[in-house]
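**Q**
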Amino acid sequence: MYVNPVQNYTTNADNDIIEKFDGTPYRYPFTIRYFRSTGTIRFSRFDGVRLPQIDSVRSINDGLIHHIAAVKDGSMLYLYIDGIIDGSITDNTSTTTMNGTPIGIAVRPAASPYNYFTGIVDELSIWNRGLSTEDIRNIISQRL
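So this is what it looks like as structure tokens:
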């Protein structure tokens, strides 16, 4: 997905770009969040006990549009910014991370939605397999 934050929702430190989490302390398969103070991205999962997460090194609050990809491939999680791996971590979740919460795009999909992301979210896609670096770079280089 492509993102460009123009963040004016300042109630929380982080803003939800996309996630399947409603704010309750239960399992979730993914969250991708933007942190205003640092301009960084966080990709995380939670199984009720374990919370593997990657915080990007690179900041994206430079006024440009950036491609963000969060990948689960086997026992690894990867975070890409503009086709380059920005971080990785072992996915140590050991039980299900599924929940009945709808996917929220630019919002936390709770009973009373909050944690809004303002800016651009474009060409969002969810795949049924882990993408390789080459896959991600091919997606970025495609013209519509």
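Be aware that the sequence shown starts at 1031, since it is given in the working numbering, and climbs by one per residue.
Idealized CB from N, CA, C, for every residue including glycine.
#1: From 1041, 1172, 1116, 1087, pick the residue whose C-alpha is nearest to that of residue 1153; which is it?
#2: Between which two residues does the alpha helix (DSSP H) holding residue 1049 run?
#3: DSSP three-state label for residue 1165, please.
#4: Would you call the region 1050-1063 in contact with the region 1111-1122, where contact means no fewer than 3 C-beta pairs closer than 8 Å?
#5: Taking the C-alpha atoms as reference points, what is the distance between residue 1042 and residue 1144?
#6: Does the structure place the region 1082-1092 close enough to the region 1058-1069 that three or more beta carbon pairs sit under 8 Å?
#7: Cβ atoms of residue 1138 and residue 1077: under 8 Å apart, would you say?
#8: Tell me where the beta strand (DSSP E) around residue 1083 begins and ends.
#9: Go to residue 1116, then tell me how far its beta strand (DSSP E) extends in each direction, as first and last residue.
#10: For the beta strand (DSSP E) that contains residue 1152, what are its first and last residues?
#11: Is DSSP giving residue 1133 helix, strand or coil here?
**A** Let me lay it out:
#1: 1172
#2: From DSSP, residue 1049 is part of no alpha helix (DSSP H) but of the beta strand (DSSP E) over 1044-1049.
#3: helix
#4: no
#5: 9 Å
#6: yes
#7: no
#8: 1083-1085
#9: If you look at residue 1116, you'll find it in the beta strand (DSSP E) that goes 1114-1120.
#10: Per DSSP, the unbroken beta strand (DSSP E) holding residue 1152 starts and ends at 1149-1152.
#11: coil
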